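One structure below.
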Amino acid sequence: MEIEIRNLERLKVVSISGDLNAATSPEAESKIQQLIMGGNHSIVIDLKDLNYISSAGLRIFLAANKLVRKSDGEIRFCCFNKTVNEVFEISGFFMIFKHFPDLESAIKDFHV
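If you read the sequence shown in our numbering, its first letter stands for residue 3, the second for the next number, and so on.
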């Protein structure tokens with residue numbers, strides 16, 4: 003798993019690639035929590051290069067959402083492949099998180 007964090011105006015874009023599972027989720031959780039604790043409360047998580055996500059990976063997004071909402075922030079998701087899309091759909095995450103087919107749409111939603 004690799005994580006790339008980019009600054010985009012007042013947003014942070016977090017791109018996650020590879021597999022997000024029990025072995026890799028602690029690193030991802032730490033990086034996302036550091037962003038939020040550092041005052042970044044508008045985050046887009048780009049999953050276009052994420053191959054696989056386990057329940058441990060889903061859990062870090064729930065924890066991050068809880069943390070960012072304490073500061074009236076939000077997390078958006080974008081760019082799902084078929085496998086990750088199915089996991090989010092079956093787990094009910096699409097009812098919890100705003101999600102978009104592409105990065106541009108997710109970014110625009112913060113500017114509305």
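Don't be surprised by glycine CBs; every beta carbon is placed ideally from N, CA and C. Every value quoted in this text rests on a predicted model; they were computed, and no experiment measured them.
Counted as a single uninterrupted DSSP element, the stretch harbouring residue 111 is not any beta strand (DSSP E) but the alpha helix (DSSP H) occupying residues 105-112. Per the C-alpha coordinates, the member of 42, 63, 105 positioned closest to residue 99 is 63. Taking all protein chains shown into account, residue 113 has fewer than 16 neighbouring C-beta atoms within 10 Å of its C-beta and is therefore exposed.
Cβ atoms of residue 27 and residue 75 stay farther apart than 8 Å, at about 21 Å. For residue 37, the enclosing alpha helix (DSSP H) stretches over residues 27-39. 104 is the residue among 73, 25, 104 whose C-alpha sits nearest the C-alpha of residue 82.
In its chain, beyond the 5 residues on either side, 54, 56, 58, 59 have a beta carbon closer than 7 Å to the beta carbon of residue 23. DSSP places residue 11 in no alpha helix (DSSP H); its state is neither H nor E.
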